[in-house]
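First residue of the sequence shown? That's 35 in the numbering used here, and the numbers climb one at a time after it.
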Amino acid sequence: MKVLKAYKFRLYPTEEQRKFFVETFGCVRFTYNALLKYREQRESATDSKPLTPAALKCSYPFLKETDSLALANAQRNLDRAFRNYYAGRCGHPKLKTKKNSWQSYTTNNQQGTIRIVEGQLKLPKLKSLVPLKLHREVKGKIRSATISAKNLREFSVSLLCEEEVAPLPKTNKKIALHFCPEHLLREKGKFDSVFSQEPLLEKIVREERRLQRRQKSAQRRKVELAAARNYQKQKARVAELHRHKRARQQNYLDELSLQIVEGYDEIFLYPARGLRGNFSGSDWQHLLQKIQYKAHWYGKTVSIATS
C-alpha cells in the first residue's frame, strides 16, 4: 500500500539561504495573520469576499518575492485551524508571533522543484543547494517540504514522501502492553525494553549548574546576559545536550515500536498508569501513536483499551 512517510534532516544553510528562510518565515506569518484578521472582521459582515494570498500581493508587493506555495499553505493551515475550532477540537485560531522560538513554512513539490541533488537539498525560489546531513536514504516521491528553525539558529527540513510499503510476514503472536514509568513497557523477557539516559542526565545537571554559576557571575559584574559570552556559550551547550536527549529518546521509541510491530500480529495497548519515572504518560502516548501507524502500514492489528 502507498503511505505518507516523513524524513527529517538537519540543515546547514549559508548566510544567504538563512536570510531567505527568515524572510519566508516572516512573509508566511504576515499572510496568516492578515487572513486571520480579515476573517474575524468578515464574520460580522455579509457582503465581503474572501481574502487570498494573491490579493494580498497587490497591497504588499514584498510578498511577490517569496515562495507563493508557502503563502498558499499558510491559508490552508488557517482554514484547517478554523475547521478544528468549529468542530470543537481546539480553541479559536490565534495570531502568530515572531517571538515564538519555533518558526516554519511548508512548500510543495511541483515537477521536481524539491529534490535531493548530490547530498544537498533543492528548494523552490532558491538558486543554490542547501547543505544537509543526509543520514538516511529518501525513498518514494517527495510531496512537500517543511522548513523549520529553532531560535532562527537550528534549521531542519521534514520531507513528506509517498512510498510503497509491503505487509510484514505474519507471526501468529499476540501481546498486551502496559505502561511502566521506569522502562516504558511492562513486558519483561519478550524483548529488550531497557533504556537509560542516566549518564546523559547527570551531565545535563552538571552543565545546568555551571550555567547558573555563569549567570550569577555576569550579574555580579553587571553584564547583560545577552552580552555575556561565557554564559551564552554555556547556554548553547545545555540546549544541545537537551536536543541530544530528545533525539536519543525519539530514536528509541522508533526502534521499539518497529520491533513490536514486526514481532506481533495483534497488539493490545492499555492506558498509562503510575507515577513519572524515566518515562511519562506523554512518552507512552507517543509510542502508541507510532505503533498504530506502523501497524496500519504493515498489516497488523492494534486494540486500545479505554480503562
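A virtual CB, placed ideally from N, CA and C, is assigned to each residue, including glycine.
query: In angstroms, rounded to a whole number, what distance separates the CA positions of T86 and R149?
result: Counted from its first residue, the sequence shown places residue 86 at position 52. Counted from its first residue, the sequence shown places residue 149 at position 115. So the two alpha carbons sit approximately 28 angstroms from each other.
task: Quick one: give me the first and last residue of the alpha helix (DSSP H) that Y46 is part of.
output: Here residue 46 is taken as the residue at index 12 of the sequence shown, counted from 1. First-last for Y46: undefined, no H or E at that position.
query: Who are the Cβ neighbours of S178 in its own chain at under 7 angstroms, not counting the five residues just before and after it?
result: Here residue 178 refers to the residue found at position 144 of the sequence shown. These residues qualify, in order along the chain: T140, T141, N142, N143 and L194.
task: Identify, in the order they occur along the chain, each residue of the same chain with its Cβ nearer than 6 angstroms to the Cβ of A108, setting aside the five sequence neighbours on each side.
output: Locating residue 108 in the sequence shown gives position 74, counting from the first residue. Excluding sequence positions up to five before and after A108, its CB lies within less than 6 angstroms of the CB of V62, T65 and Y66, all in the same chain and listed in chain order.
task: Would you check if the distance between the CB atom of N206 and the CB atom of S135 is smaller than 8 angstroms?
output: By one-based count along the sequence shown, residue 206 stands at place 172. By one-based count along the sequence shown, residue 135 stands at place 101. Cβ distance not < 8 angstroms, so N206 and S135 don't count as in contact.
query: Using a Cβ-Cβ cut-off of 8 angstroms (strictly less than) and excluding sequence neighbours within five positions of L10, which residues of its own chain qualify?
result: Given that the chain is displayed from residue 35 to residue 341, the structure contains no residue 10 and the question cannot be resolved.
- request: Following the continuous beta strand (DSSP E) through N142, name the residue where it begins and the one where it ends.
  value: Position 108 of the sequence shown holds residue 142. Its beta strand (DSSP E) spans residues W136 to N142.
field: Through-space distance from L103 to V191, alpha-carbon basis
entry: Walking along the sequence shown from the start, residue 191 turns up at place 157. Walking along the sequence shown from the start, residue 103 turns up at place 69. Approximately 16 angstroms between the Cα atoms of the pair.
Three-state secondary structure assigned by DSSP to V164: If you number the sequence shown from 1, residue 164 lands on position 130. When DSSP states are grouped into helix, strand and coil, V164 belongs to the strand group.
field: Start-to-end residues for the alpha helix (DSSP H) that takes in F116
entry: Locating residue 116 in the sequence shown gives position 82, where the first residue counts as 1. It spans S102 to Y120 - the alpha helix (DSSP H) in which F116 sits, taken as one unbroken run.
- prompt: When the Cα atoms are used, what is the spatial distance from S344 to E300?
  reply: For residue 344 there is no data in the structure shown, the boundaries of the chain being 35 and 341.
query: With 16 as the cutoff for other CB atoms within 10 Å, does S138 come out buried or exposed?
result: As a working note, residue 138 is residue 104 in the sequence shown. Answer is buried; the Cβ neighbour count reaches 16.
- request: Could you pull out every unbroken beta strand (DSSP E) segment of at least 3 residues lying fully inside the stretch 275 to 308, listed in chain order?
  value: Counting only runs of 3 or more, we get 300 to 303.
task: Using DSSP bridges, identify the partner residues of I209.
output: Start at 1 with the first residue of the sequence shown, and residue 209 comes out as number 175. For I209, which the question treats as bridged, DSSP gives the partners I301.
query: Between the C-alpha atoms of G125 and R255, what's the straight-line distance to the nearest angstrom?
result: To locate residue 125, count along the sequence shown from 1; it is residue 91. To locate residue 255, count along the sequence shown from 1; it is residue 221. About 45 angstroms.
message: Rounding to the nearest angstrom, what Cα-Cα distance links R271 and R244 in this structure?
response: Counting from 1 along the sequence shown, the entry for residue 271 is found at position 237. Counting from 1 along the sequence shown, the entry for residue 244 is found at position 210. Distance between the alpha carbons of R271 and R244: 11 angstroms.
- request: Buried or exposed for D101, please, with buried defined as at least 16 other CB atoms from any protein chain shown within 10 angstroms of its CB.
  value: Numbered from 1 along the sequence shown, position 67 holds the residue referred to as residue 101. By the 10 Å Cβ count, D101 comes out buried.
field: When E232, L202, Q323 and E289 are compared against K279, the one with the closest alpha-carbon
entry: Looking up residue 279 in the sequence shown gives position 245. Of all alpha-carbon atoms in E232, L202, Q323 and E289, the one lying nearest the alpha-carbon of K279 is that of E232.
message: Quick check: the Cα distance between Q198 and G174, rounded to an integer number of angstroms?
response: The residue given as residue 198 occupies position 164 in the sequence shown. The residue given as residue 174 occupies position 140 in the sequence shown. According to the sequence provided, residue 198 is Glu. The question's Gln does not apply to it. Approximately 7 angstroms between the Cα atoms of the pair.
- request: Assign L129 to buried or exposed, taking buried as 16 or more other Cβ atoms, counted over all protein chains shown, within 10 Å of its Cβ.
  value: Taking the sequence shown and counting its residues from 1, one reaches residue 129 at position 95. Residue burial is scored here from C-beta neighbours: L129 has fewer than 16 other C-beta atoms within 10 angstroms and is therefore classed as exposed.
field: Contacts around K208, its chain only, beta-carbon distance under 8 angstroms, and the 5 residues preceding and following it disregarded
entry: Here residue 208 corresponds to residue number 174 of the sequence shown, with the count starting at 1. Only residues of its own chain outside the window of five on either side were considered, and among them Y298, D299, E300, I301 and F302 have a CB closer than 8 angstroms to the CB of K208, listed in chain order.
- request: Given a cut-off of 8 angstroms, decide if H320 and L292 are closer than it, judged by their beta-carbon atoms.
  value: As a first step, residue 292 is located in the sequence shown; it is residue number 258 there, counting from the start. As a first step, residue 320 is located in the sequence shown; it is residue number 286 there, counting from the start. Not closer than 8 angstroms, so no.
- prompt: So which of K204, G153 and D317 has the shortest CA-CA distance to G333?
  reply: As a working mapping, residue 333 is identified with position 299 in the sequence shown. Among K204, G153 and D317, the Cα nearest to that of G333 is on K204.
- prompt: Could you give the distance in angstroms between the alpha-carbon of L69 and the alpha-carbon of G146?
  reply: By 1-based counting over the sequence shown, the position of residue 69 is 35. By 1-based counting over the sequence shown, the position of residue 146 is 112. The alpha-carbon atoms of L69 and G146 are separated by roughly 29 angstroms.
message: Only counting the same chain, and skipping five residues up and downstream in sequence, which positions put a Cβ closer than 8 angstroms to that of I294?
response: Locating residue 294 in the sequence shown gives position 260, where the first residue counts as 1. For I294, where only same-chain residues beyond five positions count, the Cβ hits under 8 angstroms are I209, L211, F225, I301 and I325.
query: Taking Cβ positions, are L166 and F43 nearer each other than 8 angstroms?
result: On the sequence shown, residue 166 is found 132 positions in, with the first residue counted as 1. On the sequence shown, residue 43 is found 9 positions in, with the first residue counted as 1. Contact: yes.
- prompt: Short check: CB of V37 to CB of W331, under 8 angstroms?
  reply: Counting from one through the sequence shown, the residue named residue 37 turns up at place 3. Counting from one through the sequence shown, the residue named residue 331 turns up at place 297. Result yes, Cβ atoms of V37 and W331 sit closer than 8 angstroms.
message: Using 8 angstroms as the threshold, is the C-beta distance between F189 and F59 below it?
response: Here residue 189 corresponds to residue number 155 of the sequence shown, with the count starting at 1. Here residue 59 corresponds to residue number 25 of the sequence shown, with the count starting at 1. No, Cβ-Cβ distance for F189 and F59 is not below 8 angstroms.
Start and end residues, beta strand (DSSP E) containing L193: Position 159 of the sequence shown holds residue 193. E188 to E198 is the extent of the beta strand (DSSP E) around L193.
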